[in-house]
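Undergrad: Residues in the sequence shown are numbered from 0 upward in steps of one, following numbering that gives the first Met the number 0.
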Amino acid sequence: MEYKKFAQYYDQFYKNKNYVGEVQFLLNFITKKDKVLDVGCGTGIHASLLEKNGIAVDGVDMNLEMLNVAKTRLHSKLYLQDILDLDIPKKYDVIISMFAVINHLKDTLELEQCFRNLKDILTDQGKIIIDLHNPQKSGKKTDTFDNMSRTMEWHYDKNTKIEESKITFSIADTQYIDHHTFRIFTIEEVKQCCQNVGLYVKEVYENYDVDKCGTASSKNLQFVIMKEVFKEMD
Ligand SMILES: C[S@@+](CC[C@H](N)C(=O)[O-])C[C@H]1O[C@@H](n2cnc3c(N)ncnc32)[C@H](O)[C@@H]1O
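1. For residue 29 and residue 93, what's the separation of their Cα atoms in angstroms?
2. Entirely within the segment 102 to 178 and at least 4 residues each: give me those alpha helix (DSSP H) ranges in chain order.
3. Grouping DSSP H, G and I as helix and E and B as strand, with all else coil, what is residue 1?
4. May I ask you to check if the CB of residue 204 is nearer than 7 Å to at least one heavy atom of ligand 1?
5. Using a 10 Å radius around the Cβ and a threshold of 16 neighbouring Cβ atoms, would you call residue 132 buried or exposed?
6. Kindly list the residues whose CB is nearer than 6 Å to the CB of residue 34, restricted to its own chain and excluding five residues on each side of it in sequence; keep chain order.
7. What does the alpha-carbon distance come out to for the pair residue 178 and residue 201?
8. Are the beta-carbon atoms belonging to residue 192 and residue 199 less than 8 Å from one another?
9. So residue 50 is in the alpha helix (DSSP H); what residue range does that whole segment cover?
10. Who are the Cβ neighbours of residue 163 in its own chain at under 6 Å, not counting the five residues just before and after it?
11. I'd like the span of the alpha helix (DSSP H) that includes residue 225, first residue to last.
12. Alpha carbons only, please: which of 42, 116, 168 and 136 is nearest the one belonging to residue 145?
13. Kindly indicate which three-state DSSP category residue 181 falls into: helix, strand or coil?
14. I'd like to check one pair, residue 182 with residue 102: are the Cβ atoms closer than 8 Å?
15. Can you name the residues that DSSP bridges to residue 94?
16. Given 7 Å as the limit, tell me if residue 22 has its C-beta closer than that to any heavy atom belonging to ligand 1.
17. Compute the Euclidean distance between the alpha carbons of residue 2 and residue 195, then round it to the nearest angstrom.
18. Please tell me whether, using a cut-off of 7 Å, the distance from the CB of residue 40 to the nearest non-hydrogen atom of ligand 1 is below it.
19. Would residue 222 and residue 203 qualify as a contact pair, given that the criterion is a beta-carbon distance under 8 Å?
20. Could you check if residue 189 belongs to the surroundings of ligand 2, using beta carbon to heavy atom distance under 7 Å?
21. Rounded to whole angstroms, what's the CA-CA distance from residue 219 to residue 124? Just pull it up for me.
22. May I have the straight-line CA-CA distance separating residue 46 from residue 58, to the nearest angstrom?
23. Would you report the Cα separation of residue 6 and residue 186, rounded to the nearest angstrom?
24. Hey, quick one: how far does the beta strand (DSSP E) through residue 211 stretch, first residue to last?
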């Protein structure tokens, strides 16, 4: 997505997304004393809902325009950085990355680099929670709400594990077209990349529900990841 161009409309485009439900899911893993970092925080909606629950959340994103929106609703530290090249002078008890941020990485080498960087700023018994998009097939869908409509067309290639999408947003009389390319990572790939850097996948969920185990056929997947050295203590 061209976040630079769309930052000012982002919240409107995703106003029906169930951020509240996703934050309820996250609260199963976060306590009030935890220091939390939201990776790819975008306009800061998850972070601000967590703040409302008494949890301080820093954010990092590579897009200045998205961070400028986040700044209007958050009180904590925001870093303008790429997850592939992080330089954050603090450690966090919980690192979250919601809504397909990780799917912007182009291959497992980048995924591994990202995990290595997150591990460096994770406290010893800390957790990383990542939320991945997991399309099963190609499709097309139109939603309309208020004065806007959104048509999403997506093509998923199982062989390359690449999803190409085109989203057409219409607000009043103006149309905005956005294209994005997502690398879809399998559960096995995530487990392997974690293992390669000394992390492990403790749990996999689907649909932000702690009672539902994520599988290859889930539409979205949430991984809870921890440091390998603490595996024995589980
Ligand atoms: C779909 S938005 C999700 C934003 C937010 N997490 C949410 O749930 O609304 C993806 C965000 O990831 C950020 N992003 C993508 N690749 C990134 C990278 N390599 N480093 C840092 N941020 C990245 C984008 O700038 C964008 O703000």
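We put the beta carbon where it would ideally sit given N, CA and C, even for glycine.
TA: Straight from the coordinates:
1. Each residue's Cα considered, the two are about 7 Å apart.
2. Counting only runs of 4 or more, we get 107 to 119.
3. Residue 1 falls in the coil class under three-state DSSP.
4. Of the heavy atoms belonging to ligand 1, none sits nearer than 7 Å to the Cβ of residue 204.
5. Flag for residue 132 reads buried.
6. These residues qualify, in order along the chain: 91 and 92.
7. Here the alpha carbon of residue 178 sits roughly 33 Å from the alpha carbon of residue 201.
8. Residue 199 sits away from residue 192, with the two beta carbons spaced by 8 Å or more.
9. Its alpha helix (DSSP H) spans residues 44 to 51.
10. Sequence-distant Cβ neighbours of residue 163 in its own chain, meaning closer than 6 Å and more than five residues away, are 154 and 180.
11. It is not in any alpha helix (DSSP H) - residue 225 instead sits in the beta strand (DSSP E) that spans 219 to 226.
12. The shortest Cα separation from residue 145 among 42, 116, 168 and 136 belongs to 168.
13. Residue 181: strand per DSSP, three-state reduction.
14. In this structure, residue 182 lies closer than 8 Å to residue 102 by Cβ.
15. Per DSSP, 36 and 127.
16. No, the beta carbon of residue 22 sits no closer than 7 Å to any heavy atom of ligand 1.
17. Residue 2 and residue 195: Cα-Cα distance of roughly 31 Å.
18. With a threshold of 7 Å, the Cβ atom of residue 40 counts as near ligand 1, since some heavy atom of the ligand is closer than that.
19. The answer is yes: Cβ separation under 8 Å.
20. Among the ligands modelled here, namely ligand 1, ligand 2 does not occur.
21. Near 26 Å, if we compare the C-alpha coordinates of residue 124 and residue 219.
22. Cα to Cα, residue 46 sits roughly 8 Å from residue 58.
23. Straight-line spacing of the CA atoms in residue 6 and residue 186 works out to 30 Å.
24. Taken as a continuous stretch (DSSP letters only), the beta strand (DSSP E) holding residue 211 covers 208 to 212.
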